[in-house]
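So the sequence shown is residues 85 to 1066, counted in the working numbering.
The structure appears below as structure tokens.
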Amino acid sequence: MALTYSAGSLVKARGREWVVLPESKPDLLVLRPLGGSDDDVAAVFPVFETVEEARFAAPEPTDLGDQRAAGLLRTALRVGFRSGAGPFRSLAGIAVEPRAYQLVPLLMALRQKTVRMLISDDVGIGKTVESGLIASELLAQGEATGLAVLCSPALAEQWQQELRGKFGIDAELVLSSTVTRLERGLDLGQSLFDRYPHVIVSTDFIKSTRHRDDFVRHCPDLVIVDEAHTCVAADDTKTGTQNQLRYELLRRVAEDPDRHLLLVTATPHSGKESAFRNLLGLVKPELASVDLESEAGRKLLAQHFVARKRADVRRYLTKADGLADDSLAERTAFPSDRYFKDETYKLSPEYRALLDDAIAYASERVEEADGRGRREARIAWWSAIALLRSLVSSPRAASQTLRTRSAAAVAASAEEADKLGAPLNSDAADSDSMEGMDVAPGAETAEDDPRSRLAELADRAAELEGPAQDLKLKALIKHLKSLLADGYHPIVFCRYIPTAKYLAEQLANDPETKKRGPLGAKTVVKAVTGELSPQQRIDNIEALATEAGEEAAARRVLIATDCLSEGVNLQHHFDAVIHYDLAWNPTRHDQREGRVDRYGQKRDEVRVITLYGDDNGIDGKVLEVLIKKHRQIKKDLGISVSVPDELSTGVTDAIVEWLLMRGREDDGALFGADAFKVSTAKLDSDWNSAAERETASRSRFAQRSIHPEEVAREVAAVREALGGTGEVETFVRESLGALGAVLRDAGETTSDFTAQVGGTPAGLRDALATTVGAEVIERDRPIPFRNDPAVARGEVALVRTDPVVGALASHVLNSALDTEADGARPARRCGVVTTDAVSTRTTLLLVRYRFHLTLPSRSGEKQLVAEDARLLAFEGSPKNAVWLSQERAAALLGATASENTDPHFGERMMKRVLDQLPETTGHLESYGDELAAELDASHRRVRQASGEIVRGLSVTAQKPADVLGAYLYLPANPAAASGASA
């Protein structure tokens, strides 16, 4: 007859020890390796395989380690935990260590039965990580069974990598380019969204009526919407069809009251209060109309809305936040500032003549079209703007635009002309997508003769390529050289693909022709534009970084269009931005700069150079009226406030109209023109009002539902269970050193270091090869270890969740448990240390506890087994133990040997302690019950807002506990030692 094993008990099968999981049945055991992860779970049939009860073997007194043995074993054990017993089920298993402030949205979410949140933290704070934490926690707890992320197609692959790499969530891409392949694998009548529980979906693909209905019917119970502000519009704004389709999609998704919904955006207002209200209405319908000036309204909003500036979280959990001390203080290394410099250039005589002729031509066309009807007038208007913007951009963009048919030329009406022309020629903040918006817009219309003046202008533009005639390019080269000389790696942002390709050709070295670029032999230049798929863009950027290498003299220059201005993280490879082409909406500049000015940027100061034409009639006005105003508001408030699109368009339209009527030579009078004064006054008034509303909103609705004391309590609990950064650094340094690695400090001002692991055991090298790459191991290249968790590819973060740290911990733990293991064994299960740190004989125990958790969820109760490791210490003999506090027990890890201990004496003393260790069983079990009660209280505290969430919750300690290690500390005074050993 087969034995029945309870959840959490130990069994031995297949030559190793396992923990029995709650899913087990009498005839089928579901097992997880002791200390292993859920990825290693196995099913065993006791009828066919030998399964027997296992007892964790006691430490052997002959296998003694040194003074580091206990600390290394404890950390190795805690790093390996993938099923922590605390209220955050997912934190032990994810591959990212969140900042303390990033736990705030998670704490808010866990207090809601159905999670509905608007996460609007500032650019670069880490909204993706915050939403990923909530998603992984809801999935781990069984509160959600599936996940859909709605985002721009350009960001879909980045979301996929973030979810897979950091949170272990494998999500399928549902894009226009993948849907056919995915649908081929479906059963008859099966929905794509039933087949794949986790999906990342292009918002613009799924919003169409054909796909929307299927998605809404089979939508997962957890939805994240990235850049959510693009899915709503203000009530008094003319909303595009695409906006309406997106809003209708989200409205239907949000209709299900049981669906978790996370809306993510750094710009929830976009300058319009009604747009903000529409966004809140998706989160909770009452928020669309509630009085937010009232206390009740603010309290309701505070449960669902989090919006913080960098200044709010740069230093967190300090006395300034209301805490008693700074023991848990956390500093996040955002760049302290952006250094702005506006640099001008003048047109060459030949370029100036071309621009004047183009303006004259465009003016004639617009005037002629005005007399032929509104449709013709709008087509001519968009063609004129395309011509002027491309000429200001580059000779290559001008030439291609002049030879390309205008997108608006096929319009059947004035409204259609605006619909076709505006996206390619303006920079609206709520453009449906940046995809395809960087092509040359085209200026030729149906009425043009192919041999007309356009063709002649195009030929003249093509002849102006190169720094001799293109003085804008010459100015760029000058400023790039200056940045490179100061050690910066800049990104140059352009408006059009032809401009980006032209700059890359002019600046790059060409090995085939042996052409030497103007930036030096060690500078690698590449262009990334909308011609490439989103994944190809990332691959090209990584290839650029790899080709440039890490030599001190190597430099990287990326030429990019605005296809990279949103969502893509470039802070690890670049640290400066040059705006080669001015955007006509300053929000676009902020988005460009945000690619490098974000968490993980190693430079304290990000440089921003804005290049503008002094005499082209356009740039100076855009800079003065829009760009500088936006900068000043951000400097004053600490956040970006969007300019209403219709107002910025009104200003740029006025500039173009004046230029077409009066020409370049009279552009100085523009600021005095009555129409321009009215336009800019309206802009200033509305923009200032938006800034005031944003300031009031941030102060009134700043996150106050979670007090820093609550966060501090949970952070302390997490660090107690899983370890902190300082512990991990000590573990890595001491373990690698003991295993034969060569460590070198990175410098006096940092605790970073590098390690060459060629001399370490083969098993460790093999494990590391899968994470850092076989070539790094084979060639024994230095591996950089960083204290900052935001690391670049090829670097190791000194946090427990880094794969390299995990591989090292696994090796140290396995070698400690296997006394027959080959090579060095840094951690041991026993140790005897003679030290001045104690005055009487003291024993330190490393104890592993297993807990059986019953966690209620919307889908029913979930049974789990989790582990925890604790240090317990007592003075005297086990039989007459005087137990010490947790603080004193942990302090023993820092005790150093004051003299050598005779090995034979140490073994005898250790054997005496181990023989009497059963006397401590009662205290160990009692302490396990106390831990279970604390964990139960912690789960209830985190979910305190909903009685339904905690009803039925229970935490029980599995007995007996496992004594993983025993360490004896003897006082240096022999008399004291003998007196205490009785």
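We treat Cβ as the ideally placed atom computed from N, Cα and C, and that holds for glycine.
- Your pair Glu1003 and Lys1043 does not check out as a contact, with CB atoms roughly 16 Å apart and the cut at 8 Å.
- Taking the Cα of Ala417 as reference, the smallest distance to any Cα among Lys430, Asp396 and Thr262 is reached at Asp396.
- Listed in chain order, the non-local C-beta contacts of Ala632 below 6 Å within the same chain comprise Val608, Ala638 and Arg640, local neighbours out to five positions each way being set aside.
- The residues Leu603, in chain order, have a CB closer than 7 Å to that of Lys565 in the same chain once the five nearest residues on each side in sequence are set aside.
- Per the coordinates, the alpha-carbon of Asp850 lies some 28 Å from the alpha-carbon of Pro143.
- If one requires a minimum length of 3 residues, the beta strand (DSSP E) runs lying completely within the region 104-157 are 113-117 and 126-128, in chain order.
- Within the region 937-990, complete beta strand (DSSP E) segments of at least 3 residues are found at 946-959 and 981-983, given in chain order.
- Residue pairing by DSSP places Val740 opposite no residue, since no beta bridge is assigned to it.
- In this structure, Pro479 sits away from Glu589, with a CB-CB distance that is not shorter than 8 Å.
- Val309 is positioned such that its CB atom lies closer than 8 Å to that of Leu234.
- In the DSSP secondary-structure assignment, Arg913 is not bridged to any residue.
- For Asn593, same chain residues with a beta-carbon under 7 Å away, outside a window of 5 residues either side, are Lys599, Arg600, Gly601 and Ala605 in chain order.
- The C-beta distance from Thr694 to Asp421 rounds to 16 Å, too long to meet the 8 Å contact threshold.
- Classified as buried, Gln675 has 16 or more neighbouring CB atoms from the shown chains inside 10 Å of its CB.
- With respect to the 8 Å criterion, Ala481 and Tyr580 are classified as neighbours on the basis of their beta carbons.
- By the neighbour-count criterion, in which a residue is buried when 16 or more other Cβ atoms sit within 10 angstroms of its Cβ, Glu221 is buried.
- Three or more Cβ pairs closer than 8 Å define a contact, and the region 986-1001 falls short of that threshold against the region 1013-1030.
- Non-local C-beta neighbours of Arg415 in its own chain, meaning closer than 6 Å and more than five positions away in sequence, comprise Arg399, ordered along the chain.
- Rounded to the nearest whole angstrom, the CA to CA distance from Ser923 to Val135 is 47 Å.
- If only complete runs of 3 or more residues are kept, the region 624-696 shows the beta strand (DSSP E) at 639-644 and 660-663, in order along the chain.
- Short of 8 Å from the beta carbon of Ala830, and not among the five residues preceding or following it, lie these beta carbons of its own chain, in chain order: Asp836, Phe837, Thr838 and Pro868.
- Less than 8 Å separates the beta-carbon of Val207 from that of Ala350.
- A check of alpha carbon separations from Leu105 across Tyr664, Val307 and Val125 identifies Val125 as the nearest.
- Taking the C-beta atoms as reference points, Val661 is found nearer than 8 Å to Ile575.
- In this structure, the straight-line span from the alpha carbon of Gly252 to that of Gly216 is close to 10 Å.
- Non-local C-beta neighbours of Gly1012 in its own chain, meaning closer than 6 Å and more than five positions away in sequence, comprise Tyr933, Ala1041 and Ala1045, ordered along the chain.
- Taking the Cβ atoms as the reference, Val888 lies roughly 6 Å from Val856, within the contact range of under 8 Å.
- When the beta-carbon positions are compared, Ile463 and Ala501 come within less than 8 Å of each other.
- Counting C-beta pairs with one atom in each stretch, the region 973-982 and the region 149-158 have three or more that are closer than 8 Å, which means they touch.
- A straight-line Cα-Cα distance of about 8 Å links Val258 and Leu266.
- By the Cβ neighbour-count rule, Asp522 is buried, with 16 or more other Cβ atoms within 10 Å of its own.
- Linking Ala169 to Leu1019 through their CA atoms gives a straight-line distance of about 7 Å.
- Nearest C-alpha to Leu363 among Val612, Met201 and Leu587: Met201.
- Take Thr903, set aside five residues on each side of it, and the residues of its chain with a beta-carbon closer than 7 Å to its own are Glu144 and Asp147, in chain order.
- When secondary structure is reduced to three states using DSSP, Ala446 falls in the helix class.
- In the DSSP assignment, no residue is bridged to Arg462.
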